[in-house]
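Chains as they are written, first to last, in the numbering used here: chain A, 1 to 167; chain B, 1 to 424.
What follows is the structure, given as structure tokens:
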């Protein structure tokens, strides 16, 4: 898939408490979660983010809690893809499971500026900075994870297993 | 080539004789856990995917602990979703307010998680049970929904970092200080995607509560799990609690490790993690005069009986600083009762502390002790991220229960020896 949007640059260790503070976890409504996304770090984010925009961050993005509300808030805010030097393990799983494309690309956040227009080809793992002309290569998904994505996410995969069991 | 304890448990649960790091396996889970925040999302996914019946009503635990007793109407709705699902599916391990505890203190205490188990939980601190020699790790709600339907979860077999702790801990140094020291050393992503295996003669000196604290915070170094081989202390602990058979696994002498890190525990003194990352670890004695507004002693990290005993040892005969709130939250009903029996609750109340029913509450900035703008707290909890306990401009300092108690008396970050004349 190909995504195009403007970049939002963040540092290392963006934790899930910053992505969606726990005080808002008394709801599961993605739209409500999105309205508070990143607010303790970047109060402008939820009002200025546009559909298709891309988060580009440093190491250990999504560290902290297992709340799936974090990738849900990001996805529902309109972010099409998250690129980071590395992801925290649970956030990585959760993003794949809910269908938020994420790519690992070392130090991208140091070479791209907030507002740059990016085009990302997730199949090839190519990140093009339209604004600067630079091209970056991301690590593509392992085959196993591609399988889950092709099934349309983990629960669609579960549906298939469930149906097979009941046959 | 041998296997680590982590590899062995993953191999056993995926029906294989051998698994190697990097290998992807579909494994059977012994227990799948969710709480009042993550459970409703998992239940929604379960229903959306056409789920009718959970794979095994005895292998699922649903525990309302984060915003329970219900903090507001929305939280009440979440708890209700959990309760109704548990009722409809006849979930064996559903525990209502008044009988529950903070999940990661409650499940080991009740013998529901055991050595050799493979446990997943929609809560990042599920890694706690590694202290009993189980493989346990946090997942999201969708993974949990999948496990509730199929009894399975996929894993990439992790590489393991072996940590060897040498020597007897100094006075006032606990499992909390050892894990804070470790996180301070390797950083919040130092064990990213990896298993952390805690070994060495120091571990044999630690009681189970301290071991659970260490495994609990493996996630704070990015670890997938934080595991220890069961020993006599472990087996003594599980002997009269185990609700089912269990199996003891140990790492092979020729198991492969991605790294081996040694610590001379005699050099470790009580630690504190400064805002806003658990890796900002310094000696308590190296901290200048930092005034504190609130102290929280509790959580899945340090809300067990040994933690309360330690805090009581410091607080006995002392008063909480006049302008400071000391909030003490036993992690389970059992801890609550034991505190009463041992006279610990009286010590706390006499000192001027408030003692709450079990809840995660303030640890994640839910309720029961939210910080105002500019306020500072010392907490025995696990995270000190921006806004973790309240206002984005508040601060959280992480410590062991003795340091927290001493800080409550002094009104500033303090070493326990400043309050108690003799070292323990």
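Ideal placement from N, C-alpha and C gives every residue a C-beta, glycine not left out.
Following the continuous beta strand (DSSP E) through residue 391/B, name the residue where it begins and the one where it ends. Here residue 391/B corresponds to residue number 391 of the second chain, with the count starting at 1. No beta strand (DSSP E) contains residue 391/B, which DSSP labels as neither H nor E.
Can you tell me whether residue 64/A is buried or exposed, with buried defined as 16 or more other CB within 10 angstroms of its CB? For this step, residue 64/A is matched to residue 64 along the first chain. Under this definition residue 64/A is a buried residue.
Following the continuous alpha helix (DSSP H) through residue 341/B, name the residue where it begins and the one where it ends. By 1-based counting over the second chain, the position of residue 341/B is 341. 333-341 is the span of the alpha helix (DSSP H), which, as asked, contains residue 341/B.
Which residue's Cα is closest to the Cα of residue 93/B: 284/B, 54/B, 387/B and 229/B? On the second chain, position 93 is the one that residue 93/B refers to. The shortest C-alpha separation from residue 93/B is found at 54/B.
Closer than 7 angstroms to chain B by CB, residue 44/A: Position 44 of the first chain, counted from the first residue, corresponds to residue 44/A. Judged by the 7 angstroms Cβ criterion, residue 44/A is not in contact with chain B.
Alpha helix (DSSP H) containing residue 34/A: first to last residue? One-based indexing of the first chain puts residue 34/A at position 34. Note, residue 34/A: alpha helix (DSSP H), 30-34.
Give me, in chain order, the residues of the same chain whose beta-carbon lies closer than 8 angstroms to that of residue 143/B; leave out the 5 immediate sequence neighbours on both sides. If you number the second chain from 1, residue 143/B lands on position 143. Hits under 8 angstroms: 120, 122 and 153.
Please decide whether residue 82/A counts as near chain B, where near means a Cβ-Cβ distance under 7 angstroms. As a position in the first chain, residue 82/A is number 82, starting the count at 1. Chain B contact via Cβ: absent.
Around the C-beta of residue 174/B, are 16 or more other C-beta atoms found within 10 angstroms, so that it is buried, or is it exposed? Position 174 of the second chain holds residue 174/B. It is buried - the Cβ of residue 174/B has at least 16 other Cβ atoms within 10 Å.
Given a threshold of 16 other Cβ atoms within 10 Å of its Cβ, counted over all protein chains shown, does residue 109/A qualify as buried or as exposed? In the first chain, counting from the first residue as 1, residue 109/A sits at position 109. Residue 109/A is buried by the Cβ-count criterion.
Residues near residue 59/A in its chain [Cβ-Cβ closer than 6 angstroms; skip 5 each side]: Here residue 59/A refers to the residue found at position 59 when the first chain is read from its first residue. So the qualifying residues of the chain are 12, 85 and 86.
Neighbour list for residue 40/B in chain A, Cβ cutoff strictly below 8 angstroms: Taking the second chain and counting its residues from 1, one reaches residue 40/B at position 40. 28, listed in chain order.
Can you tell me the Cα-Cα spacing of residue 237/B and residue 115/B, whole angstroms? Position 237 of the second chain holds residue 237/B. Position 115 of the second chain holds residue 115/B. If you take the alpha carbons of residue 237/B and residue 115/B, they lie about 11 angstroms apart.
Uninterrupted alpha helix (DSSP H) stretches inside the stretch 291-318 of chain B (no shorter than 4 residues): 299-302 and 305-315
6 angstroms CB neighbourhood of residue 361/B in its chain, flanking five on each side removed: Position 361 of the second chain, counted from the first residue, corresponds to residue 361/B. Only 367 and 368 meet the Cβ criterion.
Less than 7 angstroms between the C-beta atoms of residue 67/A and residue 16/A, yes or no? Position 67 of the first chain, counted from the start, is the residue given in the question as residue 67/A. Position 16 of the first chain, counted from the start, is the residue given in the question as residue 16/A. Going by C-beta atoms, residue 67/A is nearer than 7 angstroms to residue 16/A.
Go ahead and label residue 139/A buried or exposed: buried means 16 or more other beta carbons lie within 10 angstroms of its beta carbon, across all protein chains shown. Taking the first chain and counting its residues from 1, the one referred to as residue 139/A is at position 139. Exposed is the call here.
One or two residues paired with residue 104/A in a DSSP bridge: Here residue 104/A corresponds to residue number 104 of the first chain, with the count starting at 1. Looking at the DSSP assignment, residue 104/A forms a beta bridge with 84/A and 139/A.
Using a cut-off of 8 angstroms between C-beta atoms, extract the partners of residue 142/B located in chain A. The residue labelled residue 142/B in the question sits at position 142 within the second chain. Within 8 angstroms Cβ-Cβ: 68, 94, 97, 98, 153, 154 and 155.
If you check the beta carbons only, do residue 113/B and residue 86/B fall under 7 angstroms apart? Working through the second chain from its first residue, we reach residue 113/B at position 113. Working through the second chain from its first residue, we reach residue 86/B at position 86. Against a cut-off of 7 angstroms, the Cβ pair of residue 86/B and residue 113/B comes out as no contact.
Would you kindly check if the distance between the Cβ of residue 404/B and the Cβ of residue 297/B is under 7 angstroms? Taking the second chain and counting its residues from 1, the one referred to as residue 297/B is at position 297. Taking the second chain and counting its residues from 1, the one referred to as residue 404/B is at position 404. The answer is yes: Cβ separation under 7 angstroms.
Here's a check: name, in chain order, each residue in its chain whose Cβ is nearer than 6 angstroms to the Cβ of residue 388/B, leaving out the five neighbours to either side. As a first step, residue 388/B is located in the second chain; it is residue number 388 there, counting from the start. Taken in chain order, the residues that qualify are 365 and 396.
In terms of DSSP beta bridges, what is residue 154/B paired with? Stepping through the second chain from its first residue, residue 154/B is reached at position 154. In the DSSP output, where bridge partners are listed per residue, residue 154/B has 26/B.
Mind listing, in chain order, the continuous alpha helix (DSSP H) runs of no fewer than 4 residues lying wholly within the stretch 78-159 of chain B? 103-109 and 141-150
Considering only C-alpha positions, which residue in the set 164/B, 201/B, 106/B and 60/B is nearest to residue 43/B? Stepping through the second chain from its first residue, residue 43/B is reached at position 43. Comparing Cα-Cα distances from residue 43/B to each of 164/B, 201/B, 106/B and 60/B, the minimum goes to 60/B.
In chain B, what lies closer than 8 angstroms to residue 63/A by C-beta? In the first chain, counting from the first residue as 1, residue 63/A sits at position 63. Under the 8 angstroms cutoff, chain B gives 188, 189 and 222.
Does the Cβ of residue 289/B have 16 or more other Cβ atoms within 10 Å, making it buried, or fewer, making it exposed? The count along the second chain starts at 1 and reaches residue 289/B at position 289. When all chains shown are included, residue 289/B counts as exposed.
Please tell me whether residue 83/A and residue 56/A are closer than 7 angstroms, where the distance is taken between their beta carbons. By 1-based counting over the first chain, the position of residue 83/A is 83. By 1-based counting over the first chain, the position of residue 56/A is 56. Yes, the Cβ-Cβ distance between residue 83/A and residue 56/A is below 7 angstroms.
Taking the C-alpha atoms as reference points, what is the distance between residue 146/B and residue 118/A? On the second chain, position 146 is the one that residue 146/B refers to. On the first chain, position 118 is the one that residue 118/A refers to. If you take the alpha carbons of residue 146/B and residue 118/A, they lie about 34 angstroms apart.
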